[in-house]
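Data block below; observations after.
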Amino acid sequence: MITDGELTALRLSIQSAALGTLLAFPIAGLLALILVRSRIKWKFLLDTLVSIPLVMPPIITGYSLLLLLGKNGPLGSIIDKTFGVEIIFTWVAAALAAGLIALPLMVRAIEVSLTEMDPRMELVARSLGASRWHAFWTITLPLCKKGIIAAILLGFARGLGEFGATLIVAGNIPGRTQTLPLAMFTELQSGNDYSVIRLVLLSLILTCSTLLIHHVLIRKRKTEAK
Amino acid sequence: MNAFLNANLKKKTCSFSLNASLSFTEGISAIFGPSGSGKTTLLNCIAGLVRPDQGEILLNGKILFSSNKKINLPPENRALGYMFQDSLLFPHLNVLENIKYGYKTTPSRFRKIKIPDLIDLLKLDSLLLRNPSSLSGGEKRRVALARALSTSPSMLLLDEPLSSLHSSLRGEIMRYLRTISDDLSIPMIYVSHSMSEVIAMANHVLVLNNGSVVALDEPYKLLGRKDFPSLGYEESLENLFDVTITERRENNGTVMGQIGEVRLALPLFPVEVGQTVSISLKASDIMLASEKPHGISARNVFSARITSLKHLGNRVLVQTCNGHNWLSEITLDAVDDLHLTEGSTVYMVIKTNSLIPLG
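Protein sequences appear in the order of chains A and B.
For the first sequence, the working numbering assigns the number 318 to the initial residue and increments by one for each residue that follows.
For the second sequence, the working numbering assigns the number 1126 to the initial residue and increments by one for each residue that follows.
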């Protein structure tokens, strides 16, 4: 049967993917807004930058995070000084890795629905007495709901599968940072075939149900629109 | 009448520069010009959707924009209703929610127009729970119009309200606009590239060409002006007017309608007695005769006095009046032959089938 260690790996996977998605979402939203709406000159550079975690070996992403968050890293030292904690080799680091790897996917999903929306809708709202914020909350956000749902669920699903970057920045510490893919890797190396199969099944159930939820939600929105 | 809206503004975009100075009185005013002349840009400047580079916009004495005083009220604080060219209903809200959107953002003390009255006025009762995507073009315009009015605006801005509408719906929307102007006494600015529409709808028209104001006058007075050829030259002008149905003559294949003193025989179409319908009649479809013709198949023959003769190249635009103003278009040759002059009386001859009901 499923061991406690495997269940912990499952919990850690969900935990880190969820936190990673949560942290990445506002950033993804902002990036998508800039990419679609703003008229800045060097937009294509930002566009390329956003895609980097998608195409680069995850090891590099993990290594960059390690440099950034390490005790002497620019961000790590600030966190260490103000909170007295170290993020490296904790599940939070795993969450950050998952979030960063999922970010490009989330940006693209939101970008698609922002592009589909007529930007004049906001102007209509403004002409109807809505402030910029009110127009954003009542018109832009609901019209991008599809993209937002897709971004969150696909980002979460991608985070669940994160391996390389997590290994570098969070390590492979059973019970603390060992997520499902890392546990699988460990069990595979020690030849624990049955454990591997159980972990694979757990992983499959988790990701498939996430994608299924996404499918159902999007379908529901389509029928509502009709 | 006092000026309601005063504006004096400059706006440069990459493609052209707008330099307009205008003052509109109450009632319906039009902005006319060929496409690309800056009509919509001017409207957007007034609405606050585009910021002018320089100038001033005053609505009823209130400053909406002033580059000197560094005032630029955001669109939500201008209390203007704006109907966009392609309706742009919010797709995630149903018809009622669309209409209520502006009502909700308006502080209660400014809510002069009530939602039920709007629903009544624009006959939206049966559409309230529908999704915008399921509406026809005409229905969308009506909802967009109701939505623009829901903030109880002090002025209504309309960007080509009749464009891309099926001809049978143009009359309906035109009548609604007139009703709004008359019943709610909300001044309107109506952007159009059709002189016929402008003549039918507006008291005043501002003519724009390449971003500059060419003229500001009553629409009839501008016809045939040589300094601005596109005033009626390119377009085949139509008379657009409303008639009240007085009688159905099923056996004769006609419907009788009244406009002022004139009784018109219209082609038979599904309409009830007492109903008002809009009619389109091409200026070139009216024949003029110096004597009353007899033994003629055309069912509409009535006399009118010529108020003006205007030359548009090799065509002549004859304006006649018998309580209602009519535009007919004939050749130079015919004018000479019939010795037509201003003030003389002519007989207008109109075939029943030239009178096209617009619904």
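Glycine included, every Cβ here is placed at the ideal spot set by N, Cα and C.
Inset, instruction - Compute the Euclidean distance between the alpha carbons of residue 1417 of chain B and residue 1409 of chain B, then round it to the nearest angstrom. - result: Indexing the second sequence from 1 puts residue 1417 of chain B at position 292. Indexing the second sequence from 1 puts residue 1409 of chain B at position 284. Those two C-alpha atoms are separated by around 19 Å.
Inset, instruction - Report the three-state DSSP secondary structure of residue 1162 of chain B (helix, strand or coil). - result: The residue labelled residue 1162 of chain B in the question sits at position 37 within the second sequence. It is coil, neither helix nor strand.
Inset, instruction - Please compile the residues from chain B whose C-beta is within a distance smaller than 7 Å of the C-beta of residue 441 of chain A. - result: On the first sequence, position 124 is the one that residue 441 of chain A refers to. The contacting residues are 1209, 1213.
Inset, instruction - Kindly list, in the order they appear in chain A, the residues whose Cβ is closer than 8 Å to that of residue 1200 of chain B. - result: Taking the second sequence and counting its residues from 1, one reaches residue 1200 of chain B at position 75. Listed along the chain, the chain A residues whose CB falls inside 8 Å of the CB of residue 1200 of chain B are 440, 443, 444.
Inset, instruction - Kindly list the residues whose CB is nearer than 6 Å to the CB of residue 1257 of chain B, restricted to its own chain and excluding five residues on each side of it in sequence; keep chain order. - result: Your numbering for residue 1257 of chain B matches position 132 in the second sequence. For residue 1257 of chain B, where only same-chain residues beyond five positions count, the Cβ hits under 6 Å are 1214, 1216.
Inset, instruction - Pull out every residue of the stretch 1173-1204 of chain B whose Cβ sits closer than 9 Å to any Cβ of chain E, in chain order. - result: Absent from the structure is chain E; the protein chains it does hold are A and B.
Legend entry - Short-range partners of chain B found in the stretch 334-358 of chain A, where Cβ spacing is below 7 Å: From the stretch 334-358 of chain A, no residue has a Cβ closer than 7 Å to chain B.
Legend entry - Neighbourhood of residue 1423 of chain B by C-beta distance below 8 Å, restricted to the same chain and skipping five residues each side: Against the second sequence, residue 1423 of chain B aligns to sequence position 298. Once the five neighbours on either side are set aside, the close Cβ partners of residue 1423 of chain B are 1412, 1474, 1475, 1476, 1477.
Legend entry - Backbone secondary structure at residue 1280 of chain B - three-state DSSP: Along the second sequence, read from residue 1 onward, the residue named residue 1280 of chain B stands at position 155. Residue 1280 of chain B: strand per DSSP, three-state reduction.
Legend entry - Contact check, residue 1338 of chain B vs residue 1347 of chain B, beta carbons under 8 Å: Mapped onto the second sequence, residue 1338 of chain B falls at position 213. Mapped onto the second sequence, residue 1347 of chain B falls at position 222. Result no, Cβ atoms of residue 1338 of chain B and residue 1347 of chain B do not sit closer than 8 Å.
Inset, instruction - With a 10 Å radius around its C-beta and 16 neighbouring C-beta atoms as the bar for buried, classify residue 1177 of chain B as buried or exposed. - result: Residue numbering aside, residue 1177 of chain B sits at position 52 when the second sequence is read from its first letter. Burial call: buried.
Legend entry - chain B residues whose Cβ lies nearer than 7 Å to that of residue 459 of chain A: Position 142 of the first sequence, counted from the start, is the residue given in the question as residue 459 of chain A. Under the 7 Å cutoff, chain B gives 1217.
Inset, instruction - Please list the residues of the stretch 1136-1155 of chain B that have a C-beta atom closer than 8 Å to any C-beta atom in chain A, keeping them in chain order. - result: none
Legend entry - Entirely enclosed alpha helix (DSSP H) segments - the stretch 351-417 of chain A, minimum 4 residues: 360-372, 375-386, 391-400
Legend entry - Residues of its chain near residue 1126 of chain B, where Cβ-Cβ distance is below 7 Å and the 5 sequence neighbours each way are ignored: Taking the second sequence and counting its residues from 1, the one referred to as residue 1126 of chain B is at position 1. Note that residue 1126 of chain B has pLDDT 48, beneath the 50 cutoff, so the model's placement of it is unreliable and the number below is only indicative. Excluding residues within five positions, the ones whose Cβ falls inside 7 Å are 1150, 1151.
Inset, instruction - Anything in chain B within Cβ reach of residue 435 of chain A, meaning under 8 Å, just list it in chain order. - result: Position 118 of the first sequence, counted from the first residue, corresponds to residue 435 of chain A. Ordered by position in chain B, the residues that pass the 8 Å Cβ test against residue 435 of chain A are 1213.
Legend entry - Straight-line Cα distance separating residue 1316 of chain B from residue 1344 of chain B: Within the second sequence, the letter at position 219 stands for residue 1344 of chain B. Within the second sequence, the letter at position 191 stands for residue 1316 of chain B. So the alpha carbons of these two residues sit roughly 13 Å apart.
Legend entry - Closest by C-alpha distance to residue 1200 of chain B, when choosing among B:1219, B:1335, B:1225, B:1171: Translated into the one-based positions of the second sequence, residue 1200 of chain B becomes position 75. Checked all of B:1219, B:1335, B:1225, B:1171; the closest Cα to residue 1200 of chain B is B:1171.
Inset, instruction - Kindly confirm or deny that the stretch 1233-1247 of chain B and the stretch 1191-1198 of chain B touch, where touching means at least three C-beta pairs closer than 8 Å. - result: The stretch 1233-1247 of chain B is not in contact with the stretch 1191-1198 of chain B.
Legend entry - Spatial neighbours of residue 442 of chain A in its chain, beta-carbon cut-off 6 Å, leaving aside the 5 residues before and after: To locate residue 442 of chain A, count along the first sequence from 1; it is residue 125. Closer than 6 Å at the Cβ level, and outside the excluded window around residue 442 of chain A, lie 452, 456.
Legend entry - Contact set between the stretch 1225-1244 of chain B and chain A, restricted to residues whose Cβ is under 7 Å from the partner: 1226, 1227, 1230, 1231
Legend entry - Listed by chain order, chain A residues near residue 1089 of chain B by CB distance under 9 Å: With chain B covering 1126 to 1484 only, the question about residue 1089 of chain B has no answer from this structure.
Legend entry - Contiguous beta strand (DSSP E) assignments of at least 3 residues, all confined to the stretch 1302-1338 of chain B: 1313-1317, 1329-1334
Legend entry - 8 Å CB neighbourhood of residue 490 of chain A in its chain, flanking five on each side removed: Locating residue 490 of chain A in the first sequence gives position 173, counting from the first residue. Excluding positions up to five away in sequence, the list reads 406.
Inset, instruction - Excluding the 5 residues preceding and the 5 following residue 1414 of chain B in the sequence, name in chain order all residues of the same chain whose CB lies nearer than 7 Å to its CB. - result: Reading the second sequence from its first residue, position 289 is the one you call residue 1414 of chain B. Excluding positions up to five away in sequence, the list reads 1471, 1472, 1474.
Legend entry - Buried versus exposed call for residue 461 of chain A [16 or more other C-beta atoms within 10 Å across all chains shown]: Reading the first sequence from its first residue, position 144 is the one you call residue 461 of chain A. It is buried - the Cβ of residue 461 of chain A has at least 16 other Cβ atoms within 10 Å.
Legend entry - Near-chain A residues of the stretch 1259-1276 of chain B - C-beta to any C-beta below 8 Å: 1272, 1273, 1275, 1276
Inset, instruction - State yes or no: is the beta carbon of residue 1126 of chain B nearer than 8 Å to at least one beta carbon in chain A? - result: What you label residue 1126 of chain B is simply residue 1 of the second sequence in a count that begins at 1. Summary for residue 1126 of chain B: the model assigns pLDDT 48, below 50, so the residue's position carries little reliability; its value from the coordinates is reported in the next sentence. Cβ-Cβ to chain A under 8 Å: no for residue 1126 of chain B.
Legend entry - Cβ neighbour criterion (16 or more within 10 Å) applied to residue 1444 of chain B: By 1-based counting over the second sequence, the position of residue 1444 of chain B is 319. Buried: at least 16 other Cβ atoms inside 10 Å.
Legend entry - Through-space distance from residue 1326 of chain B to residue 1303 of chain B, alpha-carbon basis: Taking the first residue of the second sequence as position 1, residue 1303 of chain B is located at position 178. Taking the first residue of the second sequence as position 1, residue 1326 of chain B is located at position 201. Here the C-alpha atom of residue 1303 of chain B lies approximately 8 Å from the C-alpha atom of residue 1326 of chain B.
Inset, instruction - Would you grab the beta carbon distance between residue 1449 of chain B and residue 1387 of chain B for me? Rounded to a whole angstrom, and I think it's under 8 Å. - result: Numbered from its first residue, the second sequence carries residue 1449 of chain B at position 324. Numbered from its first residue, the second sequence carries residue 1387 of chain B at position 262. Going by Cβ atoms, the distance from residue 1449 of chain B to residue 1387 of chain B rounds to 6 Å, so yes, they are a contact pair.
Inset, instruction - From the DSSP output, in three-state form, read off residue 1417 of chain B for me. - result: To locate residue 1417 of chain B, count along the second sequence from 1; it is residue 292. If DSSP states are grouped into helix, strand and coil, residue 1417 of chain B belongs with coil.
Inset, instruction - Select from B:1300, B:1433, B:1313, B:1310 the residue whose C-alpha is nearest the C-alpha of residue 1468 of chain B. - result: By one-based count along the second sequence, residue 1468 of chain B stands at place 343. Selected option, being the one with the closest Cα: B:1433.
Legend entry - Cβ distance (whole Å) where residue 1393 of chain B is taken to contact residue 1382 of chain B below 8 Å: Locating residue 1393 of chain B in the second sequence gives position 268, counting from the first residue. Locating residue 1382 of chain B in the second sequence gives position 257, counting from the first residue. Between residue 1382 of chain B and residue 1393 of chain B the Cβ distance is about 12 Å, and since that is not below 8 Å, they are no contact.
Legend entry - residue 1139 of chain B (DSSP reduced to helix, strand or coil): If you number the second sequence from 1, residue 1139 of chain B lands on position 14. Correct three-state label for residue 1139 of chain B: coil.
Legend entry - Beta carbon proximity, residue 456 of chain A to chain B, threshold 8 Å: Within the first sequence, the letter at position 139 stands for residue 456 of chain A. At least one chain B Cβ lies under 8 Å of residue 456 of chain A.
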